[in-house]
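Mind the numbering: the sequence shown is residues 1264 to 1378 in my numbering, read in order.
The C-beta atom is built at its ideal place from N, Cα and C for all residues, glycine as well.
Report on one structure; see the data block that follows.
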Amino acid sequence: MTRVRCITEMGMGVDVHGKDATKAAKRAVSDAIRHSSLGFFRMIGKTANDMFVDVTIAVPNPEAVDKDAVAKELPYGTVTVNAVRGGLEIPSAAEQGNDPILIANAAVIVSFEKE
1264 MTRVRCITEM
1274 GMGVDVHGKD
1284 ATKAAKRAVS
1294 DAIRHSSLGF
1304 FRMIGKTAND
1314 MFVDVTIAVP
1324 NPEAVDKDAV
1334 AKELPYGTVT
1344 VNAVRGGLEI
1354 PSAAEQGNDP
1364 ILIANAAVIV
1374 SFEKE
């Protein structure tokens, strides 16, 4: 069957101390979905569990993202998380030592199978 994209949301998350890519990624996903309320399921004869949720996380160190932890930020649907190189790492000030800020970007795409 073919999937039909219904929703695209974008978000940004930051870990100010610790350079934790997973923490920043979870915050980016939360930011992307925080203001969404998807109420059209019944109109198309589907439920929230029929959704396919594809998440792309962009961080400087994609291998450091715990994809399962990020997926748990999404309460419904079949979730797939892909981490790619991107985002931003802002070096810390010299007097702060090695304490950079890590910024993650998230794209959350919701689709359904077309019958």
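Chain-order list of residues whose beta-carbon lies under 6 Å from that of residue i (same chain, five-residue window excluded)
| i | result |
| --- | --- |
| Asn1324 | Ala1284 |
| Leu1351 | Ile1366 |
Three-way DSSP call (helix, strand, coil) for residue i in this model
| i | result |
| --- | --- |
| Lys1309 | coil |
| Arg1297 | coil |
| Ala1356 | coil |
| Val1316 | strand |
| Glu1376 | strand |
Same chain, Cβ closer than 7 Å to residue i, five either side skipped, listed in chain order
| i | result |
| --- | --- |
| Phe1304 | Thr1310, Ala1311 |
| Pro1354 | Pro1363 |
| Lys1330 | Val1344, Ala1346 |
Residue i, enclosing alpha helix (DSSP H) - first and last residue
| i | result |
| --- | --- |
| Val1333 | 1330-1334 |
Nearest neighbour of residue i, chosen from the options [CA to CA]
| i | options | result |
| --- | --- | --- |
| Ala1346 | Phe1315, Ile1307, Ala1367, Asp1294 | Ala1367 |
| Glu1378 | Val1292, Arg1290, Leu1301, Gly1308 | Gly1308 |
| Met1314 | Val1277, Gln1359, Glu1358, Thr1271 | Thr1271 |
| Val1277 | Cys1269, Ala1291, Ile1372, Leu1337 | Ala1291 |
| Asp1294 | Gln1359, Ser1374, Val1333 | Val1333 |
| Gln1359 | Val1279, Met1264, Arg1268, Cys1269 | Val1279 |
Residue i versus residue j - alpha carbon distance
| i | j | result |
| --- | --- | --- |
| Arg1266 | Thr1341 | 13 Å |
| Val1328 | Ala1288 | 7 Å |
| Met1273 | Gly1281 | 23 Å |
| Arg1348 | Met1275 | 15 Å |
| Lys1321 | Met1306 | Rather than Lys, the amino acid found at residue 1321 in this sequence is Ala. Rounded to whole angstroms, Ala1321 to Met1306 spans 33 Å at the Cα level. |
| Tyr1339 | Arg1297 | 14 Å |
| Ile1372 | Lys1335 | 15 Å |
Nonlocal neighbours in the same chain, by C-beta distance under 8 Å from residue i, ignoring five residues either side
| i | result |
| --- | --- |
| Asn1361 | Ser1355 |
N- and C-terminal bounds of the beta strand (DSSP E) containing residue i
| i | result |
| --- | --- |
| Val1279 | Neither: Val1279 is in no beta strand (DSSP E) and is coded neither H nor E. |
| Ala1346 | 1341-1348 |
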